[in-house]
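**Q**
In mature numbering (1 follows the signal peptide of the UniProt record, and there is no 0), the protein residues as written are -26 to -1, 1 to 288.
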């Protein structure tokens, strides 16, 4: 009996140790090396490589989530609903990461699976990225470098109230990848059970930027709806045929800064827009973090899709 109790105690201590380690890793912003996971369902998009990219694709873990960087080959990974559950709607999912890395778990696979569970065919877009330092040590140092905000160029009050737009990265590779993903879904719509009139796109942070960039600039994508989640809030020129938009951000997100420009742009263009400004959530919360008001955004998104009849064949 004593031996059994000792073994149970030892097993409990080991289990607690493993649990504590996992919790610590999940809460730790340190960058850890990670072997590239298998992606058996990833489909090559055939959009080419990245110029002046000497490094190979590599992976790391931060905040407990798998991330990829130096991506030079774009792929699309389908997450299809179970047979009999599909409703015909489809969503391209664009993870974020400042166009330097992709949060594949938190803002990609997990979101796509949640959509598939709702009967929506989801497709994670692993798009090409701008180069980062080849070694993980140099990348970590680059990520942790001091960031000193540029001084304002004018003391004019109106200028300070509306911060200038940051310099725009060249997103031609990323737009080409998004367009190729959309074209592939169109081409294989019957195989994947997709209604081509109900293909939307949702993106997080930089992925929200790519979603918006695709909406404003693509000549080939005819998105039925978009969902920029904690993306930039600056005003934009809205095309006459822009799709309905569902937008989410938290007040404690560094991208918010009290701006409502993109929402105002959609509203003034007379195009349906739903906007959720949450009390807290920070940036990069994906489907949600513990004890944050922003944790219900996904439920609201599904309800919005349902009310706007995107979940039923027309």
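Idealized CB from N, CA, C, for every residue including glycine.
According to DSSP, is residue 75 part of a helix, a strand, or is it coil?
**A** Counting from 1 along the chain shown, the entry for residue 75 is found at position 101. Residue state, collapsed to three classes: strand.
**Q** Rounded to the nearest angstrom, what separates residue 96 and residue 68 at their Cα positions?
**A** For the purposes of this step, residue 96 is taken as the residue at position 122 of the chain shown. For the purposes of this step, residue 68 is taken as the residue at position 94 of the chain shown. Their backbone Cα atoms lie some 10 Å apart in a straight line.
**Q** Evaluate residue 148 with the Cβ neighbour count: other Cβ atoms within 10 Å of its Cβ, from every protein chain shown; 16 or more gives buried, anything less gives exposed.
**A** Counting from one through the chain shown, the residue named residue 148 turns up at place 174. The residue in question, residue 148, is buried, as its Cβ has 16 or more Cβ neighbours within 10 Å.
**Q** Once the 5 residues before and after residue 233 are set aside, which same chain residues still bring their CB inside 7 Å of it?
**A** Locating residue 233 in the chain shown gives position 259, where the first residue counts as 1. Around residue 233: 207 and 208.
**Q** Starting from residue 169, trace the beta strand (DSSP E) in both directions and tell me its first and last residue.
**A** By one-based count along the chain shown, residue 169 stands at place 195. Segment: none, residue 169 is in no beta strand (DSSP E) and carries neither H nor E.
**Q** For residue 244, which three-state DSSP category applies?
**A** By one-based count along the chain shown, residue 244 stands at place 270. Three-state DSSP puts residue 244 in coil, outside helix and strand.
**Q** If distances are taken between C-alpha atoms only, which option among 220, 264, 226 and 145 comes closest to residue 250?
**A** Taking the first residue of the chain shown as position 1, residue 250 is located at position 276. Closest option to residue 250, Cα to Cα, is 220.
**Q** Look at the alpha carbon of residue 36 and the alpha carbon of residue 49, and state the distance between them as a whole number of angstroms.
**A** Here residue 36 refers to the residue found at position 62 when the chain shown is read from its first residue. Here residue 49 refers to the residue found at position 75 when the chain shown is read from its first residue. The alpha-carbon atoms of residue 36 and residue 49 are separated by roughly 22 Å.
**Q** Residue 55 and residue 90: beta carbons closer than 7 Å?
**A** Indexing the chain shown from 1 puts residue 55 at position 81. Indexing the chain shown from 1 puts residue 90 at position 116. Cβ atoms of residue 55 and residue 90: closer than 7 Å.
**Q** Keeping to the same chain, check which residues put their C-beta closer than 6 Å to that of residue 156; ignore five residues upstream and five downstream.
**A** Counting from 1 along the chain shown, the entry for residue 156 is found at position 182. 195.
**Q** For residue 278, which residues of its own chain have a beta-carbon under 7 Å away from its beta-carbon, when the five flanking residues on both sides are left out?
**A** The count along the chain shown starts at 1 and reaches residue 278 at position 304. Excluding residues within five positions, the ones whose Cβ falls inside 7 Å are 220 and 248.
**Q** Under 7 Å between the Cβ atoms of residue 268 and residue 255?
**A** Walking along the chain shown from the start, residue 268 turns up at place 294. Walking along the chain shown from the start, residue 255 turns up at place 281. Yes, the pair counts as a contact, with Cβ atoms nearer than the cut-off.
**Q** With burial defined as no fewer than 16 other Cβ atoms inside 10 Å of the residue's Cβ, what is the status of residue 146: buried or exposed?
**A** Here residue 146 refers to the residue found at position 172 when the chain shown is read from its first residue. Result: exposed.
**Q** Tell me, which residues are paired with residue 36 by DSSP?
**A** Stepping through the chain shown from its first residue, residue 36 is reached at position 62. Partner(s): 39.
**Q** Quick check: residue 197 and residue 175, are their CB atoms within less than 7 Å of each other?
**A** In the chain shown, residue 197 corresponds to position 223, counting from 1. In the chain shown, residue 175 corresponds to position 201, counting from 1. Yes, Cβ-Cβ distance for residue 197 and residue 175 is below 7 Å.
**Q** Could you name each continuous alpha helix (DSSP H) segment of 4 residues or more that falls completely within the segment 52 to 121, going from the start of the chain to the end?
**A** If we require 4 residues or more, the alpha helix (DSSP H) runs fully inside the segment 52 to 121 come out as 84 to 91 and 110 to 117.
**Q** Please report the straight-line C-alpha distance between residue 133 and residue 231, rounded to a whole angstrom.
**A** On the chain shown, position 159 is the one that residue 133 refers to. On the chain shown, position 257 is the one that residue 231 refers to. Unreliable positioning characterises residue 133 in this predicted model, as indicated by a pLDDT of 34, which lies under 50. A coordinate reading is not provided.
**Q** How would you write the range of the alpha helix (DSSP H) that residue 222 sits in, first residue to last?
**A** Reading the chain shown from its first residue, position 248 is the one you call residue 222. Counting along the chain, residue 222 falls outside any alpha helix (DSSP H), though it belongs to the beta strand (DSSP E) covering 219 to 224.
**Q** Are the segment 58 to 73 and the segment 20 to 32 touching by the rule of at least three beta carbon pairs closer than 8 Å?
**A** With a cut-off of 8 Å, the segment 20 to 32 and the segment 58 to 73 do not count as touching, because too few Cβ pairs lie within range.
**Q** Could you give the residue range of the alpha helix (DSSP H) that holds residue 5?
**A** For the purposes of this step, residue 5 is taken as residue 31 along the chain shown, with counting starting at 1. Where residue 5 is concerned, there is no enclosing alpha helix (DSSP H), given that its DSSP letter is neither H nor E.
**Q** Using the DSSP secondary-structure output, state which residues sit across from residue 201 in a beta bridge.
**A** Numbered from its first residue, the chain shown carries residue 201 at position 227. DSSP output for residue 201 lists 176 as bridge partner(s).
**Q** Rounded to the nearest angstrom, what separates residue 107 and residue 283 at their Cα positions?
**A** Residue 107 sits at position 133 when you count from the first residue of the chain shown. Residue 283 sits at position 309 when you count from the first residue of the chain shown. Their backbone Cα atoms lie some 46 Å apart in a straight line.
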